[in-house]
Amino acid sequence: MVILVGLGIIAYLWLPDAPFSLDGPPLTGSVERVSDGDTIDVAGQRIRLPGIDAPEWNQTCRTAAGGSWDCGKAAATRMRELTRNRTLSCRPEGHDRYGRLLAVCRDGKLDIAEALVADGLAVATDGYLGAESQARRAKRGVWQGQFEMPADWRRREAEGGVAEAGNPSRFERFVAWLWSLLPS
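So the sequence shown is numbered by full-length UniProt numbering: it starts at 1 and just counts up by one.
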C-alpha cells in the first residue's frame, strides 16, 4: 500500500504543472511575465520559445571595442518590447525538461523568436538560421563583439556552483529533496 501511494505521488509530481493539449487550438493571450530573452508566461503557462537560445539574465557580452554590456538583460528587455500590449498566438510543440511548454509565439506575422534572433539578442539552435546570418553580417546584438554561447555560459556557471538556469520540474525538485534527506 505504501509503495502504491509513493508511486502515485511520484506520478503526480512527474506531470507538468498545467498540462496543455498539443492537438488543441493555439494558446492566445497577452504576456503576463518575461523571465528572460526566451521564456515568457502567457495565459498562465510558462512558455519557452523553441529554436533559439538567448543570453541568460546575468550574462554579459563584449562590445566591438572590447567593453562589457549586459546582453542577457538586453535580451529580456527586447522581449518585453516585442510583446508589450500585444495578443500573442502560441502554437505548442511539446515540453522541455523543466516542464515548460515549447511554443512558437506570434503577433500576427511577427514571429517573436525570429525577431530576437534578427536583433542579435538570441542565437538560433534549429530554425531561424537566415535571421542569425543577417544579424551576424550586420554585427547586431551579441554579434558586435565576442560572447559566450548561452548554453556554454550556463554550463560554466553550473560548474562554478551556480545552478543551471531554467525552472526544474516538480519531479526534479522532489528528487532533489529526497536526495537531500540521505545521510552524508
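We put the beta carbon where it would ideally sit given N, CA and C, even for glycine. Because the structure is a prediction, the values reported are computed rather than measured.
Within a Cβ cutoff of 8 Å, which residues of the same chain sit near residue i, ignoring the five residues on either side of it in sequence?
i, result
"residue 71", "55, 59, 60, 61, 121, 141, 142 and 147"
"residue 63", "69, 144 and 145"
"residue 153", "55, 56 and 59"
Just verifying my parser: in three-state terms, what is the DSSP assignment at residue i?
i, result
"residue 87", "coil"
"residue 158", "helix"
"residue 97", "coil"
"residue 136", "helix"
"residue 49", "coil"
"residue 81", "helix"
"residue 143", "helix"
With a threshold of 6 Å on Cβ separation, who are the neighbours of residue i within its own chain once the five nearest residues in sequence on each side are excluded?
i, result
"residue 163", "Confidence is the limiting factor: at residue 163 the pLDDT is only 42, short of 50, which leaves the residue's position unreliable and the question unanswerable from this model."
"residue 46", "100"
"residue 32", "41"
"residue 43", "27 and 29"
Do residue i and residue j have their C-beta atoms closer together than 7 Å?
i, j, result
"residue 49", "residue 38", "yes"
"residue 187", "residue 114", "Residue numbering for the chain in the displayed model covers 1 to 184; residue 187 lies beyond these limits and cannot be assessed."
"residue 82", "residue 112", "yes"
"residue 41", "residue 57", "no"
"residue 90", "residue 76", "no"
"residue 107", "residue 129", "no"
"residue 84", "residue 34", "no"
"residue 78", "residue 119", "yes"
Checking the sheet assignment: what are the DSSP bridge partners for residue i?
i, result
"residue 103", "92"
"residue 29", "88"
"residue 61", "69"
"residue 119", "Per DSSP, none; premise fails for residue 119."
"residue 124", "52"
"residue 42", "31 and 45"
"residue 110", "107"
"residue 152", "Note: residue 152 sits in no beta bridge, so no partner."
Near residue i, which residues of its chain fall below 7 Å by C-beta distance, leaving aside the five closest residues on each side in sequence?
i, result
"residue 96", "48 and 102"
"residue 73", "57"
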